[in-house]
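Worksheet: the structure to be examined is printed underneath.
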Amino acid sequence: MIAVRAWLGAAAVLFVLVGCAGCGGDDGEPVAPVGQASTVDSGAAPAVHGVASLPPSTPTEIAIPKIGARSSLVLLGLNADRTIQVPPVDQPMQAGWYDKAPTPGEVGPAIVLGHVDGNKKPGIFHRLKELVVGDEIAVSRQDGKTAQFKVTHVEQIAKREFPTDKVYGDTQGPELRLITCGGQFDHAAHSYKDNIIVYAALIPPVS
268 MIAVRAWLGA
278 AAVLFVLVGC
288 AGCGGDDGEP
298 VAPVGQASTV
308 DSGAAPAVHG
318 VASLPPSTPT
328 EIAIPKIGAR
338 SSLVLLGLNA
348 DRTIQVPPVD
358 QPMQAGWYDK
368 APTPGEVGPA
378 IVLGHVDGNK
388 KPGIFHRLKE
398 LVVGDEIAVS
408 RQDGKTAQFK
418 VTHVEQIAKR
428 EFPTDKVYGD
438 TQGPELRLIT
448 CGGQFDHAAH
458 SYKDNIIVYA
468 ALIPPVS
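Just so you know, we're using the numbering used here here: the sequence shown kicks off at 268 and counts up by one.
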């Protein structure tokens, strides 16, 4: 497990733990990753600020055309021990939105978690590390609007070096974070050693 800090508003700070089950691979031999397992860092593009934010609305679906990923979104809260809930590992193609974070399209970082694998099958975010700056992500919302995001940065980082403030900290505009696991599989710990994190910013709707 790694300790990460989730920001609940401008001043509230909550310390939580993200368990290894949040990345899949906790049921034995992991699915072989797609492509190379080298460190991912796509470089960074500036976030698109000045884009009008959207009012709060629960997200219902995420679609990432570049990697052929599409999933409904379950709501993820906190367990009694203050750990972040994760999508069921026996449903590795299911993604989830952390409901203590902003909704996608609001100012701040919306957080979506997904498995890299589970039950010896690829997960919804199995190909997440293939994303590069400029790729688009669409999040459908209950109000009928679609929040469209463009990737600004992708990184693979050791869990012990998880960039807490960068992921959960306040932002100037509406942003999105996609989080899964990556890197080598630690058989003793039954988890992957790294996290894959995608950063994206809201872009104007297509007119």
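Even for Gly, the Cβ is constructed at its ideal location relative to N, Cα and C.
Comparing C-alpha positions only, which one of the options sits nearest to residue i?
i	options	result
Q358	G375, D348, G381	G381
I334	L321, A368, A347, R394	R394
V383	I463, L469, P472, Y435	I463
P326	P355, I351, V379, R349	V379
A368	P471, E442, D461	E442
F452	K426, P430, L398	K426
K387	I424, M360, D410, S407	M360
T370	R349, P472, E328, D348	E328
I351	H454, G390, I446, S324	I446
A405	F392, I331, P323	I331
F392	G440, A336, A468	A336
Q439	A468, V399, G401, L398	A468
P472	K412, P389, L345, V400	K412
Less than 8 Å between the beta carbons of residue i and residue j, yes or no?
i	j	result
Y466	T419	yes
S338	A377	no
A414	G372	yes
D432	G375	no
K417	E403	yes
L343	V356	no
K396	V421	yes
V217	I470	The structure shown does not extend to residue 217, since the chain spans only 268 to 474, so no value can be given for it.
R408	S324	yes
State the beta-bridge partners of residue i as determined by DSSP.
i	result
R444	I378, Y466
V406	I329, A414
Y435	Beta-bridge pairing links Y435 to no other residue.
S238	Residue 238 falls outside the range modelled here, since the chain spans only 268 to 474, and no answer is possible.
V318	DSSP, once it has assigned bridges, lists no residue as partnering V318.
Could I get the ranges of all uninterrupted beta strand (DSSP E) runs contained in the segment 330-400, with 3 residues as the minimum, in chain order? 336-343, 362-365, 375-380
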